[in-house]
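For reference, the structure is listed below as structure tokens.
Numbering (the UniProt record's numbering), first residue to last: 1 to 290.
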């Protein structure tokens with residue numbers, strides 16, 4: 001029984017339409033198909049939904065502008081609970097508010113959220129914002145989206161930011177995160193991904209010392225970053241980049257400072273239960289044992 005199937009249209013356009021004949025037959029025979037991954041770069045008239053005999057619960061869809069009738073496809077699959085989508089906003093402009101009634105977990109670029117979230121917001125349990133946010137405006141836009149009416153009781157949120165000392169220093173990131181927490185006090189888990197320059201210990205500490213009080217229901221903080229530099233990798237015995245733009249140890253990988261950071265943040269936010277770094281996880285004391 002085939003439960004998961006992936007298709008990437010990286011073959012010659014001249015062969016693609018002929019291949020779709022085979023693909024249609026294959027999909028029709030996948031009675032137990034639950035997870036479908038589509039990467040469609042070439043224009044196609046094939047409507048995958050007409051040939052899917054199973055009930056999808058997860059869809060991973062990447063397509064170039066105008067390459068595939070996305071709105072119709074999503075409307076035809078009411079059992080989708082997990083959606084990872086990359087497309088142009090125009091491609092879902094006709095999406096019905098009745099589509100995706102079972103959606104629980106969404107991963108999508110920021111520009112798509114204004115169309116995807118409103119009628120599904122109250123049922124969502126996880127939202128990952130694709131793309132790297134490189135200025136305060138982007139963080140404020142995330143916070144604005146999260147103020148939609150009828151929010152969920154609890155939400156896992158994932159965002160990625162570009163850290164630099166000019167347009168996105170630690171103080172600006174803290175300000176933006178604070179606005180997100182104030183807009184969505186129901187966030188229970190936050191995945192914070194960093195790209196760009198290394199963050200030293202006091203910068204990482206100060207970001208969350210300032211931002212954590214704005215997340216009253218946060219229990220789990222997950223910190224992620226790009227692969228560390230050669231200097232950083234010596235702290236964690238992990239792989240390293242071939243070349244390093246600087247030699248500042250990144251606090252995300254510096255295990256020596258992690259216990260201190262976790263303790264400091266737990267004092268600021270007694271409800272915090274876990275802090276997960278790329279190089280280790282820290283379970284904090286429960287409120288009753290503080």
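Beta carbons are placed, not taken as given, at the ideal position from N, Cα and C, and that holds for glycine.
Alpha-carbon to alpha-carbon, residue j and residue i
i           : j           : result
residue 104 : residue 85  : 14 Å
residue 271 : residue 199 : 25 Å
residue 186 : residue 131 : 23 Å
residue 164 : residue 107 : 25 Å
residue 128 : residue 116 : 13 Å
residue 178 : residue 210 : 7 Å
residue 292 : residue 114 : Residue 292 falls outside the range modelled here, since the chain spans only 1 to 290, and no answer is possible.
residue 160 : residue 3   : 31 Å
Distance between beta carbons of residue j and residue i, contact taken as under 8 Å
i           : j           : result
residue 264 : residue 282 : About 11 Å separates the two Cβ atoms, so there is no contact after all.
residue 190 : residue 215 : 7 Å
residue 345 : residue 152 : Given a span of 1 to 290 for the chain in the structure shown, any question on residue 345 remains unanswerable.
residue 60  : residue 37  : 4 Å
residue 125 : residue 83  : Not quite, the Cβ-Cβ distance comes to about 13 Å (not below 8 Å), so this is no contact.
Where residue i falls: helix, strand or coil (DSSP)
i           : result
residue 239 : Note that residue 239 has pLDDT 39, beneath the 50 cutoff, so the model's placement of it is unreliable and the number below is only indicative. Three-state DSSP puts residue 239 in coil, outside helix and strand.
residue 194 : strand
residue 108 : strand
residue 80  : coil
residue 199 : coil
residue 57  : coil
residue 32  : coil
residue 3   : coil
residue 266 : helix
residue 273 : coil
residue 26  : helix
residue 64  : coil
residue 38  : strand
residue 212 : helix
residue 74  : helix
residue 52  : coil
residue 223 : strand
Residue i, buried or exposed, once every other Cβ within 10 Å from all chains shown has been counted against 16
i           : result
residue 250 : buried
residue 194 : buried
residue 168 : buried
residue 202 : exposed
residue 90  : exposed
residue 137 : exposed
residue 267 : exposed
residue 70  : buried
residue 280 : exposed
residue 166 : exposed
residue 80  : buried
residue 21  : exposed
residue 97  : exposed
residue 8   : exposed
residue 25  : exposed
Residue i CB to nearest heavy atom of the ligand GTP below 8 Å
i           : result
residue 135 : This structure lacks the ligand GTP, and indeed carries no ligand of any kind.
Next on the checklist: Please give me, in chain order, every unbroken run of the alpha helix (DSSP H) with length at least 4 that falls completely inside the segment 111-197.
Outcome noted: 113-116, 136-145, 170-183
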